[in-house]
Amino acid sequence: QRAVEGWDWSRSAHGHVLSLPEARHIHPAGRYRYPNFPYSGRLERCSYFREIFESFPSPKMSFRLLRRGPQSSYALHHDRWAGSHSARFQIPIFTDPEARLVLTSFESVEEIPGALRSLLEQADFAGAAAAAPAHVRLHPLDAGVLYLFDTRRVHTLFNPGATERLVLSFDLIVDDWLREQFADVSAPIARRSSTRVVGPRAALARDYCLSALHPWRNRMQRLRGSHR
-19 QRAVEGWDWS RSAHGHVLSL PEARHIHPAG RYRYPNFPYS GRLERCSYFR EIFESFPSPK
41 MSFRLLRRGP QSSYALHHDR WAGSHSARFQ IPIFTDPEAR LVLTSFESVE EIPGALRSLL
101 EQADFAGAAA AAPAHVRLHP LDAGVLYLFD TRRVHTLFNP GATERLVLSF DLIVDDWLRE
161 QFADVSAPIA RRSSTRVVGP RAALARDYCL SALHPWRNRM QRLRGSHR
C-alpha cells in the first residue's frame, strides 16, 4: 500500500508498471531503458522491498511492480529489452489462484503457427497448451514465492479472477554470485549475445520524452487491442 499510494498507473510503460528505485540504483545497461520509466524513487520508503533489493547483490536491470487488472491478459510479447546477460525473477504479491503464466517456445509472435496463434490471441490458453504441449505451457505462480523463468520467448500472463494481480518483477545481471545461488540461471541466456550499454545523455532525453507520452501510448494500445 505504501508503494502504490497515489501512483497513476497510466503514467508508466504500458499502463501497468511502477519502477520502485531511482535511476542511479539501476545498472547503466538498463538505466535508460523505456520500460523502466518513469522512476518513482519509492524504494527508500518501502523497507521490505528495499530489503529484497539489497539481498540480491547482482547489478539490477530493473526492479518494478507490475499490475494486471482482473479478467485480462497481456498481449503476446517477449522481454528481450532487459538484455541477454540478465535473468528475470518475479515474486507474486496478490494473485488469483487461477492466474497462469503462459510460456511458449517461440522467439517472435510471427513464428507461431496460425491456428495456435489464434488460440493464444483469443485467450484460449488451455486449448493452446493441449494443442501444442511441446510449445505452450501454463504455470501457476503462488503468492510469496520467488520464480525464475525465461521471458525472452513469447509469453503472456492471464488473470481470470475478479481482483487485480500485483507482482514484484526484477531483472538481474548474471554474475558469479547469481550463478552460485541459482544453478540454472545461465541456461536462458547462453544463446544470446551481450547487450550494449545505452549512452546516458541521448537515451535519457529519449526515454524522458517517451515516458511523458505513456498515457497517450497506453490509450492507443488499448484502441488497437494490443494491450488488454
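The sequence shown begins at -19 in my numbering and counts up one residue at a time. The beta-carbon is built from N, C-alpha and C at its ideal position, and this holds for glycine as well. Because the structure is a prediction, the values reported are computed rather than measured.
In this structure, how does DSSP classify S42 when only helix, strand and coil are distinguished? Strand at S42.
For the alpha helix (DSSP H) that L56 lies in, which residues bound it at each end? For L56, no alpha helix (DSSP H) encloses it, and the DSSP letter there is neither H nor E.
DSSP three-state assignment for R30, whether helix, strand or coil: Helix.
Mind checking V82: buried by the 16 CB within 10 Å criterion, or exposed? Buried.
Straight-line CA distance for F74 to V(-16)? Distance between F74 and V(-16), taken at the CA atoms: about 13 Å.
Nearest-angstrom Cα separation, counted from P18 out to R(-9): Distance between the alpha carbons of R(-9) and P18 is about 8 Å.
Could you round the C-beta distance between Q70 and L148 to whole angstroms and report it? I think they count as a contact, below 8 Å. At roughly 7 Å, the Cβ-Cβ gap stays under 8 Å, so Q70 and L148 are in contact.
By a C-beta neighbour count over all protein chains shown, 10 Å radius and 16 as the cutoff for buried, is G94 buried or exposed? In the assembly as shown, G94 is an exposed residue. Its beta-carbon has fewer than 16 other beta-carbons within 10 Å.
Within the same chain, show all residues whose beta-carbon is closer than 6 Å to that of S206, passing over the 5 residues directly before and after it, in chain order. Because S206 sits at a pLDDT of 48, beneath the cut-off of 50, its placement in the model cannot be relied upon, and the following sentence gives the value as read from the coordinates. Shown here for S206: same chain residues with a beta carbon closer than 6 Å to its own, the five before and five after excluded, namely A55 in chain order.
Could you tell me the boundaries of the beta strand (DSSP E) in which S66 lies? 66 to 74 is the extent of the beta strand (DSSP E) around S66.
Among D(-12), L23, H(-4), whose alpha-carbon lies nearest the alpha-carbon of A3? That would be L23, whose Cα lies nearest to the Cα of A3.
Selected residue, minimal CA-CA separation from R60, among G10, F29, E101: Checked all of G10, F29, E101; the closest Cα to R60 is G10.
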